[in-house]
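Residue numbers (my numbering): 509 to 798. This report refers to the structure that appears directly beneath it.
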């Protein structure tokens, strides 16, 4: 986005953040003061800035005045405010924005998957060892296409396919299996959005289980899930014409990493890593929600 677009759209984040903070007991002035730091984090992801560079940018550019920053912004204040505001505020701001976007609309294609976010330090006590499937680009240089181990976190998300927007997500240590997060994410989607009768749920073989299939059918949703070849099942890719649209979630992850720097994590601890990831999600929403 260019500077003019950022200025226009970042005010939306500022207003959502101020509204939520005031709902949770902050005064008007307290809410606006904290909200400007949430908006600043989103600018940081959009423009690939460090805290020091962000402080310099907001001190000199008109957008700093729009958000309510003084002429001289101290870069250390961003770290202080991230800790003070907390990940829950960022989480609820994104949820408010995405719910408003889909208000009055029905979901007919959704898909679920996860993506890796490496830990910044081997001393991160919240991060765990997990595995991921290398990207197509990585597979071209690797001898094996097998899943690779890494140390860090995963973002598990359900994406609305048509608009390619994440509608529910969880950030967790990397050692948990993807299917573990189906129920909580699916329930969030059902609680917050209107799902069309006989909509389709797209997923790879990691989500192929009797419990998941039953839950979807019970909710009048068609499961379009690859079978994993365990027990009585044969490994098989669904013949459904919409299964190929599952790649929408991969495109979302690719943009989050390449456009907004989600994989370039510089934080330690799940709380700070969560703020980093959700700031990327908000920046993604501002750019791609149309």
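Glycine included, C-beta positions come from ideal geometry on N, C-alpha and C.
Residue i versus the options, residue with shortest Cα-Cα distance
{"i": "residue 779", "options": "798, 679 and 790", "result": "679"}
{"i": "residue 611", "options": "700, 656 and 575", "result": "700"}
{"i": "residue 613", "options": "684, 525, 664 and 705", "result": "705"}
{"i": "residue 666", "options": "683, 696, 685 and 640", "result": "696"}
{"i": "residue 634", "options": "513, 641, 781 and 767", "result": "781"}
{"i": "residue 771", "options": "537, 522 and 556", "result": "556"}
{"i": "residue 515", "options": "564, 659, 570 and 533", "result": "570"}
{"i": "residue 748", "options": "707, 589, 796 and 623", "result": "707"}
{"i": "residue 714", "options": "623, 669 and 773", "result": "623"}
{"i": "residue 670", "options": "731, 752 and 785", "result": "752"}
{"i": "residue 579", "options": "745, 773 and 564", "result": "564"}
{"i": "residue 668", "options": "718, 609, 685 and 641", "result": "609"}
{"i": "residue 538", "options": "589, 568 and 513", "result": "589"}
{"i": "residue 522", "options": "513, 798 and 542", "result": "542"}
DSSP state of residue i mapped onto helix, strand, coil
{"i": "residue 744", "result": "strand"}
{"i": "residue 749", "result": "coil"}
{"i": "residue 716", "result": "coil"}
{"i": "residue 634", "result": "coil"}
{"i": "residue 771", "result": "coil"}
{"i": "residue 622", "result": "strand"}
{"i": "residue 562", "result": "helix"}
{"i": "residue 451", "result": "This structure cannot speak to residue 451, because the chain is shown only from 509 to 798."}
{"i": "residue 785", "result": "helix"}
{"i": "residue 578", "result": "coil"}
{"i": "residue 778", "result": "helix"}
{"i": "residue 676", "result": "strand"}
{"i": "residue 660", "result": "strand"}
{"i": "residue 693", "result": "helix"}
{"i": "residue 708", "result": "strand"}
{"i": "residue 629", "result": "coil"}
{"i": "residue 587", "result": "helix"}
{"i": "residue 702", "result": "strand"}
Rounded Cβ spacing between residue i and residue j (contact assumed at less than 8 angstroms)
{"i": "residue 618", "j": "residue 709", "result": "6 angstroms"}
{"i": "residue 525", "j": "residue 601", "result": "5 angstroms"}
{"i": "residue 783", "j": "residue 598", "result": "5 angstroms"}
CB of residue i within 8 angstroms of CB of residue j, strictly
{"i": "residue 674", "j": "residue 661", "result": "no"}
{"i": "residue 548", "j": "residue 529", "result": "no"}
{"i": "residue 734", "j": "residue 750", "result": "no"}
{"i": "residue 762", "j": "residue 553", "result": "no"}
{"i": "residue 757", "j": "residue 559", "result": "no"}
{"i": "residue 519", "j": "residue 790", "result": "no"}
{"i": "residue 794", "j": "residue 517", "result": "yes"}
{"i": "residue 759", "j": "residue 672", "result": "yes"}
{"i": "residue 546", "j": "residue 566", "result": "no"}
{"i": "residue 702", "j": "residue 615", "result": "yes"}
{"i": "residue 636", "j": "residue 683", "result": "yes"}
{"i": "residue 576", "j": "residue 540", "result": "yes"}
{"i": "residue 765", "j": "residue 727", "result": "no"}
{"i": "residue 716", "j": "residue 693", "result": "no"}
{"i": "residue 657", "j": "residue 639", "result": "yes"}
{"i": "residue 768", "j": "residue 796", "result": "no"}
Does the region 574 to 585 come close enough to the region 714 to 727 that 3 or more CB-CB pairs lie under 8 angstroms? no
Inter-stretch contact at 8 angstroms, needing at least 3 Cβ pairs: the region 592 to 600 / the region 687 to 698: no
Using a Cβ distance threshold of 8 angstroms, determine whether the region 600 to 617 contacts the region 627 to 635, with at least three qualifying pairs required. no
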